Amino acid sequence: MEAVMRQEMSSGVFGNYQVPPQFLDEVFNSAGGVNPHYENIYQQFVKFNKEEFKELNEQAKSAFFNQGITFSVYSDKAKGVERIFPFDLFPRIIPAAEWARLEEGIIQRCVALNLFIQDIYSNKHILKDKVVPAELIFSSNNYLKAMLDFKPVGGIFTHISGTDLIKHSDGQYYVLEDNLRCPSGISYVLSNRVAMKRLLFPMFRKLNISLVHQYPQELLATMQSVAPEGVDVPNCVVLTPGVYNSAYFEHVFLAHNMGIPLVEGRDLYVDKNFVYMKTISGPQRVDVVYRRLDDAFLDPLAFKPDSMLGVPGIMAAYREGNVNILNAPGTGFADDKAVYTYVPDIIRYYLNQEPILNNVHTYRCEKDDDFQYVLENMDKLVIKPVDESGGYGILIGNKATKAELQEFKSLITQNRRKYIAQPIMALSMHATFIEEEGRFEPRHVDLRTFTLLGKDRQYVLKGGLSRVALRKGSLIVNSSQGGGSKDTWVMTDDNFQG
Amino acid sequence: MLSRIGNSLFWMGRYIERAEHIARHARVQYASSVDAPLSQKREAVLESILDMATNREGYFNVHSQLNEDDVVRYTAVSETNNFSVLAYISMIRENARGARDSLSIELWEAINSFYHKINAFSTAGFQAEEIEYFARRIEQNSYVIKGYIDNTLLHNAVWMLISLGIHLERATQVILILQTKLKDIEKNNSSKFEEAVDNFQWTTVLRSIEAYDMFMRCKKTTPNKHHVLDFLLFDTAFPKSIAFSLSCVKQFISSIPFPDEEKKKESLEFIAGKLACRFQYTTIDEVEEKASEFLKQTLNTIYEIAGLLDVKYLKYH
């Protein structure tokens, strides 16, 4: 019936909406009907005509611009270009039962990966038992010798993780990536929610939606839980590379919302293996550092000697146990895309449980069989470098030209360890307002979730950043590559009739 | 408070006051050249605009001779000048951005929108007459920003550091204006003394500091060196007098929670206190004859205070 109604209301924002036949649409079923958990919100949106909705959309955009919620894109120009992160007003909705299972799976995965890192930097049981090949770890640029035999407070290495999920056409969630270094995007989740509440307040009264605004307090509590031993009232700080970093807005946002100082490397110094910040009232000791800075820049004495962003001597202070650093240095080898393929085995090994979340099947080019398969089936695969992020350096086989395929073939052959390949996953689609068309069209989405591990505490944000590939047919959702975002509503119960 | 934040706040205050004074001085000088008695040459006005903003050397690096449009453009908006009013506005915003977390939203927005408005000002065909409009915008916005500083911030260390910057800079700018004028008058004297010119010069000084009507109300006499210096140096009730600014400097330095210093004689509080007291307990008769020397000494002590502030508390890298 709804399908008929949509066609009749072709002047509305859902006019001529085509449910994609080969993909899963989150909002509509294949017959064109509205999925039950979207019924309520759909009834609200369908009432807008094009002009009303355009105006609402403009309001949302200017609200973001005035608040300065922008990011810079790295380009060949000296100064980065500032852009608003495009934001879609139609939320993605996840039913309570579906989320409960997801959350369980995310925690399982993050806990196992943390144990994996701990093991690798101490006894290396998993390597000795040949579950994960040793050369895979030792060949990673992100494996840090400086972390050997060091156990951080509470045994936690990955305090903040960002697990990227997609929903495949089989209706199942798959993990696409684990981000165990400095996952970003949380500020957009919280700002999106604030904007949604302002613009669409009545809808929040009709639906039972999980809150997200407590994330900064949870993060602060996580930081405090892993303070160095003997520190009762830890001085926690956020360490940023500075105003020119693309995620600077987020650094300010988090520091502000936690009520703790936002510091740069030049504000800190190390004296007798203790870290201090320079204040107008003299030095003040720093106990916990949430750093938004890559390992390589953290300490010029330990890593990159020409880094101007870091704090000389902080690694020594860290190893003495006088300061804690979140996330621990050296976690990057574990979110390497080549290690990704072993995560199900890692979960079984440490937790003795079956993995709850699915892994996408991955071909490792360094293995001869897989390498051969990849070369022969490039047009059916997504090929990724293992150690880059942000959607750079990716080849999508069925979209690539012959020349590009040829180029990648030689790239892979030259450096097999660097590349993995996965079947092209059918990311689910979601009704998204397309400005140029003035109406909703289906676009591919993924979901970044945020997990916090502290000493004896675990937290998964009930929601996340649904990233949308705004270009028609595109599968790449990264903000630097033309992606947008949606607010993500996790229902507190599945009583859809409200 | 982080030293880096303290540094940003202090310099934000200084640049606000500096931009305002340079803009107003250029505007008043330029306008005065219209009313000037014959012997008051146009070149002298242009030179004094450059001198007051310590732009003379920079100007002659890019221009071979004094030209009205060039001098005003160089002082106000030129991109080749790192010390133009426009450049100071950018620095105000940069410093505010660095310390944004300590400011109120209202203050930040006032600074940010001011910056955007002023940047939209076309610099290419900027003509000398436009200084009137340009400088008035700067002066008005400066008061708007200072209004937000005084009325939307907690009057804690954040506010005190900004205010310290404002008052330290205000004393500096008033001294620079007076030094420039004393030099102008000296040059004039060597040619031929005229009372009308003298009177005109001191009236211009008062107007450059927005002090003319308050001066008249206080002194009820024609502006001359004796009375103007007395008013601008020592009147403790006038918020632009050096005595007033230095008393604020002393008060803020002792209220900001800087750590205690070991040696009293070298402490910031001691030096600032001594300077403020000197202005409180000196009369114009003691310093009128050697006014230039007295101003120079004062300026050096102010620079010493700023230097100590930087080295002891605001340095961070």
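In the order they appear, the protein sequences are chains H and W. Reading the first sequence from the start, the letters are residues 1 to 498 in our numbering. Reading the second sequence from the start, the letters are residues 499 to 815 in our numbering. Glycine residues also receive a C-beta, built at the ideal position from the N, C-alpha and C atoms. Small disclaimer: the values here were computed from a predicted structure and weren't measured.
Which partner residues does Leu-298 of chain H have in the DSSP bridge list?
For Leu-298 of chain H, which the question treats as bridged, DSSP gives no partner whatsoever.
Here's a check: name, in chain order, each residue in its chain whose Cβ is nearer than 6 Å to the Cβ of Ile-106 of chain H, leaving out the five neighbours to either side.
Thr-163, Thr-449, Thr-451, Val-460
Proximity winner among H:Arg-439, H:Leu-453, H:Gly-454, relative to Leu-56 of chain H (alpha-carbon distances)
H:Arg-439
Return the chain-ordered list of same chain residues with a C-beta closer than 6 Å to the C-beta of Asn-771 of chain W, the five sequence neighbours on each side being excluded.
Checking the displayed sequence, the identity of residue 771 of chain W turns out to be Gly instead of Asn. So the qualifying residues of the chain are Lys-748.
Whole angstroms is fine: what's the gap from Ser-501 of chain W's alpha carbon to Pro-757 of chain W's?
12 Å
Rounded Cβ spacing between Ile-503 of chain W and Ile-590 of chain W (contact assumed at less than 8 Å)
Not really, about 15 Å apart at Cβ, beyond 8 Å.
Mind listing the chain W neighbours of His-501 of chain H? Cutoff is C-beta to C-beta under 8 Å, in chain order.
Residue 501 of chain H falls outside the range modelled here, since chain H spans only 1 to 498, and no answer is possible.
Please return the same chain residues whose Cβ sits closer than 7 Å to the Cβ of Thr-401 of chain H, not counting the five positions on each side in sequence.
none
So is Gly-80 of chain H in contact with chain W if we call contact Cβ pairs under 7 Å?
With a pLDDT of 47 at Gly-80 of chain H, under the threshold of 50, the predicted position of this residue should be treated as unreliable, though the coordinate-derived value follows. Taking Cβ atoms only, chain W never reaches closer than 7 Å to Gly-80 of chain H, which makes this a no.
My output table needs one value for Phe-45 of chain H: the three-state DSSP class, helix, strand or coil.
helix
Does DSSP put Lys-77 of chain H in a helix, in a strand, or in coil?
Note that Lys-77 of chain H scores 40 on pLDDT, short of 50, meaning its location in the model is unreliable; the coordinates nonetheless yield the value given after this. Three-state result, Lys-77 of chain H: coil.
Ser-753 of chain W touches chain H at which residues, Cβ-Cβ below 8 Å?
The premise fails here: Ser-753 of chain W is roughly 12 Å from chain H at the closest Cβ pair, so nothing lies under 8 Å.
Is Gly-483 of chain H buried or exposed, if buried means 16 or more other CB atoms sit within 10 Å of its CB?
buried
For Thr-240 of chain H and chain W, any beta-carbon pair shorter than 7 Å?
no
Would you mind telling me which residues of chain H sit closer than 7 Å to His-815 of chain W, beta carbon to beta carbon, in chain order?
Arg-266
is_contact[Lys-278 of chain H, chain W] using C-beta, thresh 7 Å:
yes
Closer than 6 Å by C-beta to Ala-622 of chain W: which residues in its own chain qualify, once you throw out the five before and the five after it? Chain order, please.
none
What distance in whole Å lies between the Cβ atoms of Ala-542 of chain W and Ile-629 of chain W, which are believed to be in contact at a cut-off of 8 Å?
Rounded, the Cβ-Cβ distance is 17 Å, inconsistent with contact.
Three-state secondary structure assigned by DSSP to Gln-172 of chain H
coil
Give a yes or no on whether 7 Å exceeds the smallest Cβ distance from Leu-500 of chain W to chain H.
yes
What number of angstroms, rounded off, separates the C-alpha of Asn-505 of chain W from the C-alpha of Gln-353 of chain H?
55 Å
Taking Cβ-Cβ distances shorter than 7 Å, what residues in chain H pair up with Arg-512 of chain W?
Near Arg-512 of chain W there are no residues of chain H at all, since even the closest Cβ is about 16 Å away, more than 7 Å.
Candidates W:Tyr-801, W:Trp-509, W:Lys-810, W:Tyr-528, of which the one nearest Phe-632 of chain W by Cα:
W:Tyr-528
Closest Cβ-Cβ distance between Gly-310 of chain H and chain W: below 7 Å?
no
Neighbourhood of Phe-371 of chain H by C-beta, 7 Å cutoff - its chain only, sequence neighbours within 5 removed:
Cys-365, Arg-416
Which chain H residues are close to Glu-612 of chain W, counting only those with a beta carbon under 7 Å from its beta carbon?
Reading off the sequence, residue 612 of chain W comes out as Phe, not Glu. Residues of chain H passing the Cβ test: none, with the nearest at roughly 15 Å.
Examine chain W for any beta-carbon lying closer than 7 Å to the beta-carbon of Asp-76 of chain H, and answer yes or no.
Any reading at Asp-76 of chain H must be qualified, since the residue scores a pLDDT of 44, below 50, and its modelled position is unreliable; no value is offered.
Could you tell me the distance, in whole angstroms, from the CA atom of Glu-786 of chain W to the CA atom of Thr-650 of chain W?
41 Å
Closer than 7 Å, CB to CB, is Gly-504 of chain W near chain H or not?
yes
Report the residue ranges of all alpha helix (DSSP H) runs contained in full by the region 186–262 of chain H; include only those spanning at least 4 residues, in chain order.
186–199, 201–206, 215–225, 248–258
Start-to-end residues for the beta strand (DSSP E) that takes in Val-477 of chain H:
Careful: Val-477 of chain H lies outside any beta strand (DSSP E) and carries neither H nor E.
Give the DSSP bridge partners of Ala-469 of chain H, in chain order.
H:Gly-483
Thr-158 of chain H and Asn-327 of chain H: beta carbons closer than 7 Å?
yes
Within 10 Å of its beta-carbon, does Tyr-17 of chain H have 16 or more other beta-carbons around it, so buried, or fewer, so exposed?
buried
Tell me, please, whether the region 137–149 of chain H touches the region 119–126 of chain H by the rule of three or more beta-carbon pairs shorter than 8 Å.
yes
Contact under 7 Å by Cβ, Phe-85 of chain H with Tyr-188 of chain H:
yes
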